[in-house]
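Novice: First the structure, then my questions, so here it is.
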Amino acid sequence: MKHSAFFWFVLPSAIAMLLFIFFPIVSVVIQSVHVAHEQVIVEVENCGPFGCTTATAIDQEATAALRAEQPLGRFAGLEIYKDRNHLAVTQVGQLWDQSTGIGDFIGKLMNLPFYKALGFTLTYTFVVTPLTILFGFVIAVAVNSAARVLRGPLIFFSLLPNIVTPLIGGLILFWMVDARGVIGTALRWLADDPSLSVKADTGLMWIMLMVYGVWHSAPFAFIVYYAGLQTVNTDTLEAARIDGASRWQQIRHVVIPHLLPLTTFIALIQLMDNFRVFEPIISFNASAHATSLSWAIYNDLGGETQQLTSAAATSVLTVIGVAILLSPVLVRTYRSYGKA
365 MKHSAFFWFV
375 LPSAIAMLLF
385 IFFPIVSVVI
395 QSVHVAHEQV
405 IVEVENCGPF
415 GCTTATAIDQ
425 EATAALRAEQ
435 PLGRFAGLEI
445 YKDRNHLAVT
455 QVGQLWDQST
465 GIGDFIGKLM
475 NLPFYKALGF
485 TLTYTFVVTP
495 LTILFGFVIA
505 VAVNSAARVL
515 RGPLIFFSLL
525 PNIVTPLIGG
535 LILFWMVDAR
545 GVIGTALRWL
555 ADDPSLSVKA
565 DTGLMWIMLM
575 VYGVWHSAPF
585 AFIVYYAGLQ
595 TVNTDTLEAA
605 RIDGASRWQQ
615 IRHVVIPHLL
625 PLTTFIALIQ
635 LMDNFRVFEP
645 IISFNASAHA
655 TSLSWAIYND
665 LGGETQQLTS
675 AAATSVLTVI
685 GVAILLSPVL
695 VRTYRSYGKA
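Mapping the sequence shown onto my numbering, position 259 (from 1) lands on 623, and the numbers just tick up by one.
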C-alpha cells in the first residue's frame, strides 16, 4: 500500500483514538493533580445595641473569582495519590512499623480503601480469567463434538449468559442466593446451617461474585474457541487418529497449539474486562464485603459531594494497573509474532 493511501486509510481511526482515548486520558491525568479551591472565608463584624460580634462567612464573590481564574483548581501534584484513600504512603509506613509479620501487615493493609479494592480486583481478575478460558474451551470442544442437529440449540443456550445485560444477570443470581432463593436454600441444606447467609459472609460473597463473572464471560471464550475449532486441519486430526492418538492426545497436541493465538486474544480481553469489575458489586449490593477500583471511581462520583480529583486519581491508577497486567501478554505476543 502506498504511503498516501495508508495515511488516508488510517486517519479516521487515528482521529477517533485521539478524541475518545488519548485526550480523555490526558484530561483525567491533569484533573488528578488539581484539587478544588477552598472557599474564601472572611470575618464579618456585626454591631448592634448590645455591642459588636465577629462571625465568619463565605465570600461568594471572591470564591467565584478564584474558581473562574483557575477552573481546574489548585495544583496539588501527587498529593491526592499519596492520601489515605489512594496509595496511603504515610499510613502504609505506619502499618509496617506496627505489624508483627507479613500476614499481619497484609491484613491491616486490606483495611485501607484503595488496597481493599485492589485486593478484590486482583483476586477476581486472576481467578475469573483462567476459569473463563478453561470453561469456554471445554464448552466449545463439547459443542463441536455434538451431533449437528444439536449444535444450533447448544450454541444458543451457551450464549445466553452473554446476551443478558450484566446488571440483570447479576440481579437474577442475587435473588437466587437469597435466603429464600434456590441456591441460598440449597446451601443452607447442604451445610446443615439454617442461619447460613451468602449475603452476610464475605468469603461466600466473593465466591458468588466470581461465579457470576465466569458465568457471564465464558460464552465469549466459547464462541471464539468454537470459531477457531472450525479451522483445525482435519487431515492432521485424522492422521493423529490413525496413529493411535486418544481423544485427549489429539486435543493436547493438535487442537490446543492451533488455538494458542486465540487464547492470547481471549486473555487480553478478559484481563481488561475483569480488572474493571463493577456490575456484579452493584447487582449484589456487595460493597460492604467487596469493592473494586471501578466501584471506588463510581463512589467518588456519586452523591451530593462529587470528588472529581479522587475519582481521576483512581482512574489513572486503574489505567496503570491494566497496563501492568497486559504487558507480559503483549510482550509475549510481540516476541512470537512481531518479528515474523
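Every residue gets a Cβ at the ideal spot worked out from N, C-alpha and C, and that includes glycine. Values in this document were obtained by computation on a predicted structure and should not be read as measured data.
Whose CA, out of T682, V693, A676, lies closest to the CA of H398?
Specialist: Along the sequence shown, read from residue 1 onward, the residue named residue 398 stands at position 34. Comparing Cα positions, the closest option is A676.
Novice: Excluding sequence positions up to five away, which residues of its chain have a Cβ less than 7 angstroms from the Cβ of N526?
Specialist: On the sequence shown, position 162 is the one that residue 526 refers to. Closer than 7 angstroms at the Cβ level, and outside the excluded window around N526, lie H580, P583, F584.
Novice: Tell me which residue opens and which closes the beta strand (DSSP E) that I422 is part of.
Specialist: Numbered from its first residue, the sequence shown carries residue 422 at position 58. For I422, the enclosing beta strand (DSSP E) has its first and last residue at 415-422.
Novice: List, from N- to C-terminal side, the alpha helix (DSSP H) runs of 4 residues or more that fit wholly inside the region 438-509.
Specialist: 453-462, 466-473, 477-509
Novice: Work out the CA separation of N508 and G567 for me, nearest whole Å.
Specialist: As a position in the sequence shown, residue 567 is number 203, starting the count at 1. As a position in the sequence shown, residue 508 is number 144, starting the count at 1. Cα-Cα distance, rounded: 36 angstroms.
Novice: Consult DSSP for V408 and reduce its assignment to one of helix, strand or coil.
Specialist: Against the sequence shown, residue 408 aligns to sequence position 44. In the structure shown, V408 sits in a strand (DSSP, three-state: E or B).
Novice: Could you name the residues that DSSP lists as bridge partners for H401?
Specialist: Within the sequence shown, numbered from 1, the residue matching residue 401 stands at position 37. Paired residues: none, contrary to the question.
Novice: Among V596, S651, N649, whose alpha-carbon lies nearest the alpha-carbon of L624?
Specialist: Numbered from 1 along the sequence shown, position 260 holds the residue referred to as residue 624. Ranking the options by Cα distance to L624, first place goes to V596.
Novice: Going by DSSP in three states, Q614 sits in which element: helix, strand or coil?
Specialist: The residue you call residue 614 lines up with position 250 of the sequence shown. Three-state DSSP puts Q614 in a helix.
Novice: If you draw a straight line from the C-alpha of G467 to the C-alpha of D556, how long is it?
Specialist: The residue given as residue 467 occupies position 103 in the sequence shown. The residue given as residue 556 occupies position 192 in the sequence shown. Whole-angstrom Cα-Cα distance: 32 angstroms.
Novice: Determine, using beta-carbon pairs with one atom in the region 436-448 and one in the region 384-398, whether at least three such pairs fall under 8 angstroms.
Specialist: yes
Novice: For I394, tell me which candidate among V686, L694, S679, P692 has the shortest Cα-Cα distance.
Specialist: Stepping through the sequence shown from its first residue, residue 394 is reached at position 30. Looking at the Cα atoms, S679 is the closest of the given residues.
Novice: Using the C-alpha atoms, what's the distance from V683 back to L476?
Specialist: Against the sequence shown, residue 476 aligns to sequence position 112. Against the sequence shown, residue 683 aligns to sequence position 319. Rounded to the nearest angstrom, the two C-alpha atoms are 20 angstroms apart.
Novice: Give the single residue among G534, I571, I532, L635 whose Cα lies nearest to the Cα of L551.
Specialist: By 1-based counting over the sequence shown, the position of residue 551 is 187. Out of G534, I571, I532, L635, I571 has the C-alpha closest to the C-alpha of L551.
Novice: May I ask which residues mark the beginning and end of the alpha helix (DSSP H) holding A369?
Specialist: For this step, residue 369 is matched to residue 5 along the sequence shown. It spans 367-381 - the alpha helix (DSSP H) in which A369 sits, taken as one unbroken run.
Novice: Indicate the three-state DSSP secondary structure (helix, strand or coil) for D607 in the structure shown.
Specialist: Looking up residue 607 in the sequence shown gives position 243. Three-state DSSP puts D607 in coil, outside helix and strand.
Novice: Using the beta-carbon count (16 or more within 10 Å), is M649 buried or exposed?
Specialist: The residue labelled residue 649 in the question sits at position 285 within the sequence shown. Sequence check: residue 649 is Asn here, not Met. Exposed, because fewer than 16 other Cβ atoms sit within 10 Å of the Cβ of N649.
Novice: In whole angstroms, what separates the C-alpha of T333 from that of F639?
Specialist: In the structure as shown, the chain starts at 365 and stops at 704, and residue 333 therefore has no counterpart that could be examined.
Novice: For my contact list, L482 and L657 are in at a C-beta cut-off of 8 angstroms; report their separation, rounded to the angstrom.
Specialist: Looking up residue 482 in the sequence shown gives position 118. Looking up residue 657 in the sequence shown gives position 293. So it is a contact: roughly 7 angstroms between Cβ atoms.
Novice: The alpha helix (DSSP H) that contains A660, what's its start and end?
Specialist: Your numbering for residue 660 matches position 296 in the sequence shown. Per DSSP, the continuous alpha helix (DSSP H) segment holding A660 begins and ends at 657-665.
Novice: Let me know if V390 comes out buried or exposed under the rule of 16 or more other beta-carbons within 10 Å of its beta-carbon.
Specialist: Counted from its first residue, the sequence shown places residue 390 at position 26. Flag for V390 reads exposed.
Novice: Extract the residue ranges of the alpha helix (DSSP H) inside the region 623-660, only unbroken runs of 4 or more that lie entirely within it.
Specialist: Given a length threshold of 4 residues, each whole run of the alpha helix (DSSP H) inside the region 623-660 is given here in chain order: 643-647.
Novice: Please name the residue, chosen from D565, T549, A421, that lies closest to P558 on a Cα-to-Cα basis.
Specialist: In the sequence shown, the residue the question calls residue 558 occupies position 194. When each option's Cα is compared against that of P558, the closest is T549.
Novice: By how many angstroms is the C-alpha of I633 removed from the C-alpha of N449?
Specialist: In the sequence shown, the residue the question calls residue 449 occupies position 85. In the sequence shown, the residue the question calls residue 633 occupies position 269. C-alpha separation (whole angstroms): 28 angstroms.
Novice: So, are the CB atoms of A419 and V406 less than 7 angstroms apart?
Specialist: Indexing the sequence shown from 1 puts residue 419 at position 55. Indexing the sequence shown from 1 puts residue 406 at position 42. No, the pair does not count as a contact, with Cβ atoms beyond the cut-off.
Novice: In terms of alpha-carbon separation, which member of I645, V562, Y445 lies closest to V541?
Specialist: Walking along the sequence shown from the start, residue 541 turns up at place 177. Checked all of I645, V562, Y445; the closest Cα to V541 is V562.
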